[in-house]
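Protein chains in written order, with our numbering: chain F, 1 to 209; chain Y, 210 to 1350.
Every residue, glycine too, gets a C-beta built ideally from N, C-alpha and C.
Nothing here was measured: the structure is a model prediction, and the numbers come from that model.
Accompanying notes for the structure given below.
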Amino acid sequence: MRSHTTSDRPARSDERRPRDVITVQLSRVVQSRALRAHPVHGKKSFTVQSFGTGDKVKLPGSAPNKPNIYDFGTTYEHIYRDLQEKDRSLYTQNGLLHMLDRNRRIKPGPQRLQECSDKFDVVISCEERVYDQILEMFESREPVDNTPVHVINIDIQDNHEEATIGAFLICDLCTQLEDSQDLEDDIDELLQEFESKAKRQVLHCVQFY
Amino acid sequence: MAAMEVGNDVQEQCVELLNEAALLTDDVKKVANLKKVQELIIHQDPALLDNFLDEVVAFQSDTNAEVRRAVLGFIEEACRKDHEMVPKVVANLSLLLQDSFSVAVVKRTIQAIGNIYKITLQWLSQARSVTDLMDSAWSMLGQMKRQIISYVDHDNDGVRTMAVKFMEMVVLLQTYSEPGSLKRQEFCLDGVPMTLKIARPRKLEEEARTVFAEMIKFHGSPHISSVNLMACMGSLTLIARCRPSFIGQVISALESLHANLPPTLSKSQVNSVRKHMKMQLLNLLKHPASYDSHRNICTLLTDLGASQSEVARAMPPAEELRKRQRRTEEPPGAADDDTPGTKRQKFVPEDDDDDDEEVPAGRVASGARLAPVDKMKHKLNAIDITETWAAERLTPQLAADLVLVSMQHLPDAPPALFSNTFTPISAAGTRSQIQHVARLLAAQLTKAGLGPGVEATRNQGIQMTDHDWEMEDEEEAPAGSRRPIATVLSGTVTGREAKKKVALLPSGQMHKKHMAKPLRLTEITRPLPKDELEKSMTAALDRLLAAEKAGPRRGTVLRPSQTAGHDVGPLHTAAVGQDAGSHSGGHARPGRPGVQLAVRGVLQLGGLQQLWPGDAQHSQLRADLLHAHLGADGAARLQGRRNPADSSVPGGAGGSRLGRGHPEGVQLGPGHLPAGPAAVWAAAERPARPAGQLRAGAAAAGHGSRPGDPRPGAGAGAAAAPEQRHAGHAGRTARRGAAQVARRGDAAGAAGHRSAEFPHLTVPEGVTREWTDELAKLCLHLYLALLPRRESLIHELAHVYVLTTADVKRTILRVLEAPIRGMGMESPELLTLVETCPKGAETLITRVIHILTDKTPPSVELVDRVRDLYQKRVSDVRFLIPVLNGLNKSEVIAALPKIRLNPVVVKEVFNRLLGIHADTGNFSSPLTPVELLVALHNIDPAKCDMKTIIKATSLCFAEKQVYTQEVLAVVLQQLMEQDPLPVLLMRTVIQSLALYNRLIGLVMNILTRLASRQVWTEKKVWEGFIKCCQRTKPSSYQVLLQLPVDPLREVFDTAPELRAQLRDYVNGFTASQREHLPADVFELITGRKPGEEPQRVSPPPAPEPAAEPPPRLPRARNRKRSKRHPPSSGAADAPMKAIDY
């Protein structure tokens, strides 16, 4: 997919905390495997995928303590219809249906990072808890061919405004990472720069496939 | 047939794809084509591998890095598919590893080599016989392996990361699997037969341990980047989890890392690293084999901020732990019986039919199994031994000392790293915390190569390596004798092999690559031998001097020579300087540029003393050189121009000769004055400095300072003095030098004011003879810095202090604080100084004592000395003030009247006595607040005027924190008990009452008591009594009624309004109440007999008070009183005789 659209507004999908309503899913995983394939004309040519890391897909429900829970593997289509049936006006109002509608056109259903066998160059999470989960996942795996993957966490609060800012921040970071000729060598510096520019704390770690 | 067709089909496809790829300019498509070919060959028809390998590999010379990476992917897959491919591609790998154009390719190559290395070892182990091809491929891989391992110091972060992962692979591959290790279905040393000649398991294992040690080293290096660090940490943990025998080492590495995080990490990197470490530790904790280290892991985890539940969750189930515990308790042999290691041990002698190898192999096998444990023990021991050693000594006293000592190394502000990582110590002082601190200390000590643990292991370590060497030789020899193509020669074989394969590649490209290999100067250069170096430098100097002769006298040559001095580098210049010395006699004349160069060289040489430490010849040389040529003022200026820190000892030495030979040459401005001392200072810093130089330097400093004052001289002596501690041989001379300088300093100091006596000393224009504040500070700076190190110097200061002008005195007093604090209260020299206070230096001593006792209670010794001084020699109460806290009660009370200085001083005294500003919680004062106030009341008015006492009591009242209601109540009680009553009693009563209204009850009580004690007999108190009654009405009516009639009349005389009020009060009495009043009193109050009706008297007998106007009451006082509201304010300016209430 052309990442232009997805990375500007990372797919807001997958899984969310029950309490928070609209915007940010628990994790966004940026895949930029094709990163080096287009080093010359590579403006925003990175590919992006988003994943959840939890056990289930949780979407906000009618009350904070009543989230809609689906298994990974459920399609967006199914979720869309399900929610439509449950309470159309509520889910239109809180934007959930809109989001699902967009998501179902991008990919069939929510994916779980732990179940994905693709290799990425960079994984970005938006919450420290998710970052921990990702690291745990990598640690529990046995590295096979030692391809490094950079796991980065940028804390983005789970609200509309922050998510929009966060989306731009992540896009900005991805562009920088992609423009780098030698990611491994530059990433430290890039992240530090990013940190001071965005005034956010970044967690970063290297793991191996 | 169908298979053939498929094969042909695939072949055709491949040919087509490859041809297309060769012509394509679009790299993306090229890569795609290659991937397709790879897919086709590897997965569809591996038989074609042989045919197409060369064709695909030929793309390795492609200009695009992605294409080369794709080739590497192909090579890797090909080797995985067919081991026979390995010898064909190793040379290519070697070339790709040298790829100087793209780091990405290098990284990919490392990754591929890692896999291929593993595959090759497996292939070797499984092969029936080892062919020469295999042998050379293996040895070439070995070369590459070494190269990759050396890449751990590569410039590129990513390459380093890959190198670490490669090392991890090597370690895991080349060690035996162990019981309880992470289940990895991977090939490792278990599968390598003992008979494999070219890859002996024992050697492989040894190598693995070396590599592991390298990793640990890299892990602990202070300049490691955060990515590398985390990768390395991850690798180490993985190794520990797969090979539990490494756990101990890994944990100590993590411990030491935790204590010494690289200072280069930014705040968020620290966070990431700590998080990562926490995760790694939790992973380790989960591993049952980490049981022995649980304590350490848990402490580390707690330090890293892991919660109890997190730790508990990661702990292996209790049952497993118990099992583990049982196992460790059993003898190792019994427990390990089922381990693969022992199995191998059993099998090996049987399987091995090679008679030469049989016995050693068996021994080696057991050795190989035991070695890791032993080695680990040694390593562990280093920290463990030191830990126990430290734990034994870690008393609160020592801990406090350690903290104090390290305090001065602390930065002013806590670095971000610290505030980020600091977690409050939850269990301070407990056994486990002490143990933890000891462990941390031990980790630090071991890291620094200190402590008994290191000592103990060092010896063993040496033995180990020696042993290893022997084994190596023993190993090498039979191999060499048995097979002509030994490993040493295999390089040639591989070379041939490589050439064969290399021939497949387009040669031009390869050539280009070699040409373009970046030049690394350090790799291709070797340091010159010393004599050759000297020879060339001498030649260079000769040329310079010759050029100077030929060239214009000043100007052109001067410039290059000066720049030469800067640029050639210290070593060269040093040598030039050295040679300049030997050449100086013949070649140079003073003031010439060449000589200046030489001088510059010499001066630099001074800074490079460590090159030839303790070389007396050099110092003599320098001194001679300077003596010979620097007499002229030009040289002096040259020397003066150099900044003090730079000029070092030779400057001083030169200066001394200079001064001795040509006193008129000493033209040092104020800025240059400290040059001499600074030189000596520099000398003192270097223990190996020859004694002669010190003396010279000290003398120089003395000379340099002669125009003014002794302090720089004293400073020089001071600087020379600490040298005694460092170098015994230099000590005596230094001391003599110091004494000499000090004497001279004295003399000069005395003469300082009469500088006219030194007419021959020319003072440059613009330099005043006046001692400015700045100049004094400049001179004092060095001296004061030395004071804490050489405490006896303080006496010089006292002498100097007496002799100098008032301005300088003030300066000294101002700058004294830091050094005196540095010396501390226990300093015997300071105590001696206090004891032998020179006349005129009292202010200095007072200041010293003040500094010492500020915020800390004085020590007994100090108090004794001060008391002694006070009692026997100088009865200046100022001495006593700082040590008041140390004196006993009677002394303090005796001293109190003498403290009649300004309120500031008195306030300070009280602060000290009351401990108001003392920081320490366990402040102890000889006097309690109560005693102080009581003592103040009891000061004999004859000794001290009342005004001062009143001021002092006011100060007490002002300290509301100390003088609370309760305290004042006690004070009043005590005062009241006294006989005679203190003059100030009633004033204090009134003041207390004004402060605390609730004391009214007590005050009434007091008044009653006073009434019964015939208070009217004591005039002052009686006045106060009346005042008090006025203030406390209506409560005081009761008291007034208790007075006999005469005093009461007096009261009414003083305060007429009381009469009317009291009358009203009495009129309110019932008849029975009235009966209790004496008749005369009743009459005095009401003006009638007790039996009369009050109604009749209800119109107040106005004329009565008028008829008896209070004769003693001055109107002015009356007015004054009425104006004043709070009794305490304005007390200070009250007239003395009449106590103002």
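Work out the CA separation of residue j and residue i for me, nearest whole Å.
i, j, result
"Y/GLU1051", "Y/LEU1006", "13 Å"
"Y/LEU302", "Y/SER270", "12 Å"
"Y/MET616", "Y/PRO624", "15 Å"
"Y/VAL1101", "Y/LEU1093", "6 Å"
"F/MET137", "Y/LEU243", "32 Å"
"Y/VAL1043", "Y/MET1034", "11 Å"
"Y/ASN324", "Y/MET353", "13 Å"
"Y/ASN1206", "Y/ALA1288", "34 Å"
"Y/THR446", "Y/LEU654", "23 Å"
"Y/VAL459", "Y/GLU416", "17 Å"
"Y/ALA449", "Y/SER499", "9 Å"
"F/ASP118", "Y/ILE592", "44 Å"
"Y/CYS288", "Y/THR329", "8 Å"
"F/SER125", "F/LEU169", "12 Å"
Shortest alpha-carbon distance to residue i belongs to which of the options?
i, options, result
"Y/HIS1355", "Y/LEU1193, Y/CYS223, Y/VAL237 and Y/LYS238", "There is simply no residue 1355 of chain Y to check, as chain Y begins at 210 and stops at 1350 in what is shown."
"Y/GLU601", "Y/PRO661, Y/ASP1073 and Y/LEU447", "Y/PRO661"
"Y/VAL280", "Y/LEU1071, Y/ALA230, Y/GLU293 and Y/VAL1024", "Y/ALA230"
"Y/GLU377", "Y/VAL315, Y/CYS451 and Y/ALA1288", "Y/CYS451"
"F/VAL57", "F/LYS66, F/THR74 and F/SER50", "F/THR74"
"Y/VAL1115", "Y/LEU1141, Y/THR1013 and Y/LEU1293", "Y/LEU1141"
"F/ASN103", "F/ILE152, F/TYR80, F/GLU139 and F/ARG141", "F/TYR80"
"Y/GLN331", "Y/LEU382, Y/LEU650 and Y/LEU1096", "Y/LEU382"
"Y/ARG355", "Y/TYR385, Y/LEU306 and Y/SER386", "Y/LEU306"
"Y/ALA267", "Y/HIS292, Y/LEU249 and Y/LYS297", "Y/LYS297"
"Y/LEU1219", "Y/ALA1203, Y/SER461 and Y/LEU1184", "Y/LEU1184"
Return yes when the Cβ of residue j is within less than 8 Å of the Cβ of residue i, no when it is not.
i, j, result
"Y/ILE506", "Y/PRO471", "no"
"Y/ALA599", "Y/ALA652", "no"
"Y/THR1162", "Y/THR1197", "yes"
"Y/GLN515", "Y/LYS476", "The residue asked about is misnamed: residue 515 of chain Y is Ala in this sequence, not Gln. No. Outside cutoff."
"Y/GLY443", "Y/SER465", "no"
"Y/VAL315", "F/ASP185", "no"
"F/ILE154", "F/ARG200", "yes"
"Y/VAL246", "Y/LEU226", "yes"
"Y/LYS412", "Y/VAL339", "no"
"Y/SER435", "Y/VAL361", "no"
"Y/SER334", "Y/VAL401", "yes"
"F/VAL206", "F/PRO148", "yes"
"Y/LEU1211", "Y/LEU1250", "no"
Quick one: give me the first and last residue of the beta strand (DSSP E) that residue i is part of.
i, result
"F/ASN68", "68 to 71"
"F/LEU59", "56 to 59"
"Y/SER518", "Per DSSP, Y/SER518 belongs to no beta strand (DSSP E); it is in the alpha helix (DSSP H), 517 to 523."
"F/PHE208", "202 to 208"
For residue i, does the count of other Cβ atoms within 10 angstroms reach 16, so buried, or fall short, so exposed?
i, result
"F/CYS116", "exposed"
"Y/TRP678", "The predicted model places Y/TRP678 with a pLDDT of 40, which falls under 50 and marks its position as unreliable, so this point remains unresolved."
"Y/ILE1209", "exposed"
"F/LYS66", "exposed"
"Y/LEU1053", "buried"
"F/GLY52", "buried"
At which residues does the alpha helix (DSSP H) containing residue i begin and terminate?
i, result
"Y/LEU1204", "1194 to 1204"
"Y/ASN437", "435 to 451"
"F/PRO148", "Careful: F/PRO148 lies outside any alpha helix (DSSP H), inside the beta strand (DSSP E) at 148 to 154."
Identify the contact partners of residue i in chain C, using a Cβ-Cβ distance below 7 Å as the criterion.
i, result
"Y/VAL663", "This model lacks chain C altogether, as its protein chains are F and Y."
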